[in-house]
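A.B. asks: Residue numbers (our numbering): 629 to 737.
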């Protein structure tokens, strides 16, 4: 039985969908240090896929994306006045840009 190579999918995206995919940039000291390695961080919806994130960043910021790494942060359980509550779950996407490319955080937001 032979294994066929996976076909690389492409995603076409409208402006509205791109703005819904990228919720906000991650602006922390650690994210600033990553920008020296051509990496940029964004908070994205939990349902967003790597292909959708790549298409949204390329459309909004007009840059070439090499790779996308994602991580899901589970919300902490907190107690407020004796009642248990839960903070929201978040998904972070760290996007590696092509050599020589950069993203202005105030553009496209």
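By construction, the Cβ of each residue, glycine as well, lies at the ideal position given by its N, Cα and C atoms.
1. Between residue 686 and chain B, is the shortest Cβ-Cβ distance under 8 Å, so that the two count as touching?
2. Does DSSP classify residue 695 as helix, strand or coil?
3. When you compare only the Cα positions, how much space is there between residue 703 and residue 718?
4. By Cβ distance below 6 Å, which residues in the same chain neighbour residue 716 in space, the five residues on each side in sequence not counted?
5. Are residue 641 and residue 687 touching if we call contact CB-CB under 8 Å?
C.D. replies: In this structure, then:
1. The structure shown contains no chain B; it is built from a single protein chain.
2. As a first step, residue 695 is located in the chain shown; it is residue number 67 there, counting from the start. Strand at residue 695.
3. Locating residue 703 in the chain shown gives position 75, counting from the first residue. Locating residue 718 in the chain shown gives position 90, counting from the first residue. Residue 703 and residue 718 have their C-alpha atoms some 7 Å from each other.
4. Here residue 716 is taken as the residue at index 88 of the chain shown, counted from 1. Within the same chain, and ignoring the five residues on either side of residue 716 in sequence, the residues whose Cβ sits closer than 6 Å to its Cβ are 703.
5. Locating residue 641 in the chain shown gives position 13, where the first residue counts as 1. Locating residue 687 in the chain shown gives position 59, where the first residue counts as 1. Yes; because the gap between Cβ atoms is below 8 Å, this pair is in contact.
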